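Enquirer: Just so you know, we're using numbering that gives the first Met the number 0 here: the sequence shown kicks off at 0 and counts up by one. Virtual Cβ for every residue (Gly too), placed ideally from N, Cα, C. Being a predicted model, the structure only gives us computed values, none of them experimental. Next up is a structure, given as structure tokens.
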Amino acid sequence: MLDEKKLKIMQENPGFIAALDESARRTPGALRAYGIPDETYRTDEEMFDLIHDMRYRIMASSDFDSEHIIATILFKDTVKRTINKMNTCEFLWEKKGIIPFLKIDQGQDPVMNGVQLMKEIPDLESLFTLAKEHQIFGTKSRSIILSANKIGIKEIVAQQFELAKKALDNNLLPIIEPEVDIHSPEKEQAEVLLKEELLSHLNQLTKDEKVILELSLPNVPDFYEEFLNHPNVVRVVASSGGYRKAEADKKLSENHGMIASFSRALEEGLAYQETDMEFDFALKESIESIFDASIQ
0 MLDEKKLKIM
10 QENPGFIAAL
20 DESARRTPGA
30 LRAYGIPDET
40 YRTDEEMFDL
50 IHDMRYRIMA
60 SSDFDSEHII
70 ATILFKDTVK
80 RTINKMNTCE
90 FLWEKKGIIP
100 FLKIDQGQDP
110 VMNGVQLMKE
120 IPDLESLFTL
130 AKEHQIFGTK
140 SRSIILSANK
150 IGIKEIVAQQ
160 FELAKKALDN
170 NLLPIIEPEV
180 DIHSPEKEQA
190 EVLLKEELLS
200 HLNQLTKDEK
210 VILELSLPNV
220 PDFYEEFLNH
230 PNVVRVVASS
240 GGYRKAEADK
250 KLSENHGMIA
260 SFSRALEEGL
270 AYQETDMEFD
280 FALKESIESI
290 FDASIQ
């Protein structure tokens, strides 16, 4: 059974999801955006120390609060670390009232049939165990759609729901993220095919099987509106997908009922060189603008 208190928060509370889950592959780019060049570190361990320092600074800020933020998606390295001498997840839930989720995908396969399926996850059971040990409420898995290929989109949605069912079997709420690349010339057509497949799979779930859908901001405003009241959908959230914050906020505000699950847009404007006051001001500005777009 899913934790009823956390489920109610995820279903009803205003706010958004802070995605602080950059993988090993995406961490160098996040650090560069934060003002830390590649030559600053030589090993993965040093790289993860630096990205945790950034995440620590974000999560420990007084502006990072449950009034604006419902949940946070974390990379597994972050789950094993501490904030203010507490395990990160316990700190988020017990001190902040923010629900932790765990990113479980381990990157994507090469392109085939216009999509990138998720790579095999050999340590899936250990990730589920890690989640349950640290009060984590759910999981997130990401795959990528590059073109309007019906076969590929069918495969990608089937894989997402297969993994979602494994998470549900472990009493974890899955966030399903079949991201449509915002640069795809076939984005709008791909979204039509994706919506069909998602509805087909959602309608096959039992009444107790719940999921969160994380989708790219659609070309047509309110395109995913019918998911909002689907009995198996806890929330429909939007990834920023590479849009700059201002554009992501604008597009999100046009999709009523969707809330943000932003990473790069949330971290935009944050810099290693900033004083704590400057950092907190930039973070507050990001949080408030994303929150406002999420409650339109």
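Tell me whether the beta-carbon of residue 67 lies closer than 7 Å to the beta-carbon of residue 286.
Expert: In contact: residue 67 and residue 286 (Cβ atoms closer than 7 Å).
Enquirer: Quick one, are the C-beta atoms of residue 130 and residue 101 less than 7 Å apart?
Expert: Yes, the pair counts as a contact, with Cβ atoms nearer than the cut-off.
Enquirer: For residue 93, which of 220, 109, 65 has the nearest alpha-carbon?
Expert: It is 65 whose Cα lies nearest to the Cα of residue 93.
Enquirer: Could you give the DSSP three-state label for residue 234: helix, strand or coil?
Expert: Residue 234 falls in the strand class under three-state DSSP.
Enquirer: Can you tell which of 167, 138, 108 has its C-alpha closest to the C-alpha of residue 144?
Expert: The shortest Cα separation from residue 144 among 167, 138, 108 belongs to 108.
Enquirer: Would you kindly report the start and end of the unbroken beta strand (DSSP E) that includes residue 102?
Expert: Where residue 102 is concerned, the enclosing beta strand (DSSP E) stretches over 98 to 102.
Enquirer: Roughly how many whole angstroms lie between the Cα atoms of residue 12 and residue 249?
Expert: So the two alpha carbons sit approximately 21 Å from each other.
Enquirer: To the nearest whole angstrom, what separates the beta carbons of residue 171 and residue 138, a pair I think is in contact under 8 Å?
Expert: Residue 171 to residue 138, Cβ: 5 Å. Contact.
Enquirer: Can you check whether the CB of residue 260 is closer than 7 Å to the CB of residue 213?
Expert: A contact, by the Cβ cut-off of 7 Å.
Enquirer: Given that a residue counts as buried once 16 or more other Cβ atoms are within 10 Å of its Cβ, and exposed if not, what is residue 215?
Expert: Residue 215 comes out buried.
Enquirer: Any idea what DSSP makes of residue 140, helix, strand or coil?
Expert: In this structure, residue 140 counts as strand in the three-state DSSP scheme.
Enquirer: Please return the same chain residues whose Cβ sits closer than 7 Å to the Cβ of residue 168, not counting the five positions on each side in sequence.
Expert: No residues qualify anywhere along the chain.
Enquirer: Classify residue 18 as helix, strand or coil using the three-state DSSP reduction.
Expert: Strand, per DSSP.
Enquirer: Do residue 98 and residue 136 have their CB atoms nearer than 7 Å?
Expert: Cβ atoms of residue 98 and residue 136: closer than 7 Å.
Enquirer: Can you give me the Cβ contacts of residue 234 inside the same chain, cut-off strictly under 8 Å, excluding the 5 residues immediately before and after it?
Expert: Once the five neighbours on either side are set aside, the close Cβ partners of residue 234 are 9, 10, 211, 212, 258.
Enquirer: Does the Cβ of residue 14 have 16 or more other Cβ atoms within 10 Å, making it buried, or fewer, making it exposed?
Expert: Buried, because 16 or more other Cβ atoms sit within 10 Å of the Cβ of residue 14.
Enquirer: Can you name the residues that DSSP bridges to residue 213?
Expert: In DSSP, residue 213 forms a bridge with 236.
Enquirer: Tell me where the alpha helix (DSSP H) around residue 78 begins and ends.
Expert: It spans 75 to 78 - the alpha helix (DSSP H) in which residue 78 sits, taken as one unbroken run.
Enquirer: Specify, as a first and last residue, the run of the beta strand (DSSP E) that residue 261 falls within.
Expert: Unbroken beta strand (DSSP E) run through residue 261: 258 to 261.
Enquirer: If you draw a straight line from the alpha carbon of residue 57 to that of residue 282, how long is it in whole angstroms?
Expert: Cα to Cα, the separation comes out at about 7 Å.
Enquirer: Please determine, among 28, 62, 53, 105, the residue with the shortest C-alpha to C-alpha distance to residue 81.
Expert: Selected option, being the one with the closest Cα: 53.
Enquirer: Starting from residue 91, trace the alpha helix (DSSP H) both ways and give me its first and last residue.
Expert: From DSSP, residue 91 is part of no alpha helix (DSSP H); its letter is neither H nor E.
Enquirer: Counting along the chain, where does the alpha helix (DSSP H) carrying residue 193 start and finish?
Expert: Here the alpha helix (DSSP H) through residue 193 covers 186 to 201.
Enquirer: For residue 172, does the three-state DSSP call read helix, strand or coil?
Expert: Reduced to three states, the DSSP call for residue 172 is strand.
Enquirer: How is the alpha helix (DSSP H) around residue 58 delimited, first residue to last?
Expert: Its alpha helix (DSSP H) spans residues 43 to 59.
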